[in-house]
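Numbering (full-length UniProt numbering), first residue to last: 1 to 484.
Below is one structure, written out as structure tokens; the observations come after it.
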């Protein structure tokens, strides 16, 4: 019989995603057939699953950790925050609708059937399913109709282990407070807890473990240290961007404006991992650094909304000045659309603004359309004549004179655009920098000729390192019980 365990957190960003990925790799390395599952995720960092459709990038990473093909059933409900239209709701990989926060609460019971159906699909032919919750079960104002935490756990009869983040402080109060605020029906589902992100001497927390046990009766399954290898993994949410920029003294400075609705920013991770690249995330209120050699405009869940914000921050002037100084610009997906003269939205897909000027750096225009492109793709870089692999997730059709100079050829189709002088480039292909040969050629064009890493292999090695660390600190009897 397939077993399952669910990790829920005492709050957001306590490290559930990395722990699930690490446990998936730990059990995969033991020869266990394991799959990840997250009933509901909220993220604009999406991936295209191997069976088609969108899932959270975190579940894609966890499938990589488990060494199994990714599937839309690993993340049956994906909420993608937009602008004034609320969130786009993706169900089993396809657009299901749109809703604002309050309206979504009323819709959740309609999605439970799809969630349970997907969970059953993940259990089939599997020894263990490791489920990740969302936010915290202590948010009891969201408990009615819940499909992300205890609502799912009770309906699917999946035991729960709580994860507490000691690095942010107050972990004892967080765990004990969660115990007291949960109704008895939910408390009965909890089978212990894990302390995450511990720094220092673990023996100093012995009294803390005794105190938590005394208040709750829960067993501690392990104290996990700050996992340095996790920094080599793609990040899930934009809330962690503050910690991502290394601030190195790399020879090439790459500036990335942090758009308010930034999407798929893990496109930048391969550049961040290069030791001779100084990747700088530019936040609201800051100017783009004048000494940047390259500006990357990332994806956006609301191109028009982010264009308006970009102007409000003065980044449009910074980018134009950067180009006048001889700098280069790469736009990916929504960032590509921003490089043109105008973005049109006659049907109001993104909101009430039906037209806004772009940066005018490419001779193109984009019109938003209701049909959404979602596919994994193989491509060739026209500039460097090297193979690429990635994915497309976008709305809109882009046309114009600069499209006669496509940046890439995707599955035999011309894609993207390049300016006449070759310094401005846009593409709809996500994953561009993850192609090692392309990244090597791009950096060489800036005079950086050092040896380049195998990025996919580095992520795989990081997953092994995280799994090894977890195996050394988690209770071995608890780990064994998950598959016995």
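No residue lacks a Cβ here, since even glycine has one placed at the ideal position from N, Cα and C.
Residue i - DSSP class collapsed to helix/strand/coil
| i | result |
| --- | --- |
| residue 377 | strand |
| residue 98 | strand |
| residue 4 | strand |
| residue 193 | strand |
| residue 265 | helix |
| residue 460 | helix |
| residue 251 | coil |
| residue 399 | strand |
| residue 300 | strand |
| residue 465 | helix |
| residue 81 | strand |
| residue 471 | helix |
| residue 246 | The predicted model places residue 246 with a pLDDT of 48, which falls under 50 and marks its position as unreliable; any figure quoted below should be read in that light. Coil, per DSSP. |
| residue 214 | helix |
| residue 259 | coil |
| residue 233 | coil |
| residue 70 | coil |
| residue 19 | helix |
| residue 484 | coil |
| residue 284 | coil |
| residue 28 | helix |
| residue 141 | helix |
| residue 361 | coil |
| residue 63 | helix |
| residue 136 | coil |
| residue 316 | helix |
| residue 550 | Residue coverage of the chain in this structure runs from 1 to 484, which leaves residue 550 outside it and unanswerable. |
First through last residue of the alpha helix (DSSP H) which encompasses residue i
| i | result |
| --- | --- |
| residue 92 | That residue, residue 92, is in no alpha helix (DSSP H); it is neither H nor E in DSSP. |
| residue 303 | 303-312 |
| residue 437 | 436-444 |
| residue 171 | 171-181 |
| residue 479 | 476-481 |
| residue 433 | Where residue 433 is concerned, there is no enclosing alpha helix (DSSP H), given that its DSSP letter is neither H nor E. |
| residue 453 | Looking at the DSSP string, residue 453 is not in any alpha helix (DSSP H), and its letter there is neither H nor E. |
| residue 151 | 150-156 |
| residue 185 | 184-187 |
| residue 351 | No alpha helix (DSSP H) contains residue 351, which DSSP labels as neither H nor E. |
| residue 125 | Here residue 125 belongs to no alpha helix (DSSP H), and DSSP marks it neither H nor E. |
Beta bridge counterpart(s) of residue i as assigned by DSSP
| i | result |
| --- | --- |
| residue 12 | Looking at the DSSP assignment, residue 12 forms no beta bridge with any residue, so it has no partner. |
| residue 198 | 225 |
| residue 383 | Its beta-bridge partners do not exist; DSSP assigns none. |
| residue 220 | 193 |
| residue 413 | 410 |
| residue 343 | 356, 366 |
| residue 328 | 294 |
| residue 278 | 253 |
| residue 46 | 56 |
| residue 393 | 374 |
| residue 418 | 425 |
| residue 203 | According to DSSP, which records beta bridges pairwise, residue 203 is partnered with nothing at all. |
| residue 87 | 81, 99 |
| residue 388 | 379 |
Contacting residues, own chain, Cβ-Cβ under 6 Å from residue i (five flanking each side not counted)
| i | result |
| --- | --- |
| residue 145 | 108, 109 |
| residue 392 | 373, 375, 377, 428 |
| residue 300 | 259, 261, 263, 306, 334 |
| residue 294 | 254, 328 |
| residue 81 | 87 |
| residue 137 | 8, 149, 150 |
| residue 11 | 136 |
| residue 22 | 466, 467, 470 |
| residue 355 | 344 |
| residue 186 | 150 |
| residue 246 | Because the pLDDT at residue 246 is just 48, under 50, the model does not fix this residue reliably, and the value given afterwards should be weighed accordingly. Cβ within range, chain order: n/a, list empty. |
| residue 73 | 118, 121, 122 |
CB-CB length for residue i against residue j, believed under 8 Å
| i | j | result |
| --- | --- | --- |
| residue 307 | residue 339 | Between residue 339 and residue 307 the Cβ distance is about 10 Å, and since that is not below 8 Å, they are no contact. |
| residue 353 | residue 423 | About 29 Å separates the two Cβ atoms, so there is no contact after all. |
Within-7 Å CB hit, residue i to chain B
| i | result |
| --- | --- |
| residue 98 | The structure shown contains no chain B; it holds only a single protein chain. |
Endpoints, beta strand (DSSP E) assigned at residue i
| i | result |
| --- | --- |
| residue 37 | 34-37 |
| residue 40 | 40-42 |
| residue 425 | 424-427 |
| residue 165 | 160-165 |
| residue 132 | 128-132 |
Close beta carbons around residue i, own chain, < 7 Å, minus the five adjacent residues each side
| i | result |
| --- | --- |
| residue 1 | none |
| residue 436 | 452, 454, 455 |
Beta-carbon proximity list for residue i, same chain, < 8 Å, skipping 5 on both sides
| i | result |
| --- | --- |
| residue 292 | 253, 254, 255, 280, 322, 327 |
| residue 464 | 25, 29 |
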